[in-house]
Amino acid sequence: MITTKHPMHILAGKIRRLYAVHFRKGYVARQLKKRRGDCHQCGTCCHFSLTCPMLTSNKLCRIYGKCRPKACRLFPLDQKDIIDVARCGGVCGYRFDAPGKAGKPE
213 MITTKHPMHI
223 LAGKIRRLYA
233 VHFRKGYVAR
243 QLKKRRGDCH
253 QCGTCCHFSL
263 TCPMLTSNKL
273 CRIYGKCRPK
283 ACRLFPLDQK
293 DIIDVARCGG
303 VCGYRFDAPG
313 KAGKPE
């Protein structure tokens, strides 16, 4: 069931992330060095395109600390993912450093 106002864009992002975590590992590693913040566990990313079957009735992830798929563990990969969260009405707890600032203390 499609659950967003931008289903094709969100679905394309899901496919992009799945491809990136398995085939663009260098890109993902560079992006994660720029990522700051933490997960608010709001569940917005769990409802992209399809609602994740691992969500409980309380909208919590049953496998959060166990065996989440790589695309979930590494989300968000880049600023595009932050924008997708905002398009779906969420506020991601992560942010990405501007170019040239990665790895510097906050």
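Using the working numbering, the first residue of the sequence shown is number 213, and each one after it goes up by one. All C-beta atoms, glycine included, are put in the ideal place defined by N, C-alpha and C. None of these values were measured; they are calculated from a predicted model.
Length of the line joining the Cα atoms of residue i and residue j
i      : j      : result
Leu244 : Leu289 : 7 angstroms
Arg307 : Met266 : 25 angstroms
Ile227 : Lys278 : 23 angstroms
Arg247 : Phe235 : 20 angstroms
Leu286 : Val233 : 8 angstroms
Arg242 : Asp309 : 11 angstroms
DSSP-derived helix/strand/coil call for residue i
i      : result
Phe287 : coil
Glu318 : Because Glu318 sits at a pLDDT of 46, beneath the cut-off of 50, its placement in the model cannot be relied upon, and the following sentence gives the value as read from the coordinates. It is coil, neither helix nor strand.
Arg280 : coil
Leu262 : coil
Cys257 : helix
Arg247 : strand
Proximity of residue i and residue j at Cβ, strictly below 7 angstroms
i      : j      : result
Cys251 : Gly301 : no
Neighbour-count burial assignment, residue i, 16 or more Cβ in a 10 Å radius
i      : result
Arg259 : Note that residue 259 is His in the sequence shown here, rather than Arg. His259 should be labelled buried.
Ser261 : buried
Gly249 : exposed
When the options are compared against residue i, the one with the closest alpha-carbon
i      : options                           : result
Ile222 : Cys254, Arg285 and Thr263         : Thr263
Tyr276 : Gln253, Leu230 and Ile295         : Gln253
Lys282 : Met220, Ala298, Lys237 and Leu272 : Lys237
Arg294 : Tyr231, Arg242 and Thr256         : Just to set this straight, residue 294 is Ile in the shown sequence, not Arg. Minimum Cα distance to Ile294 is reached at Thr256.
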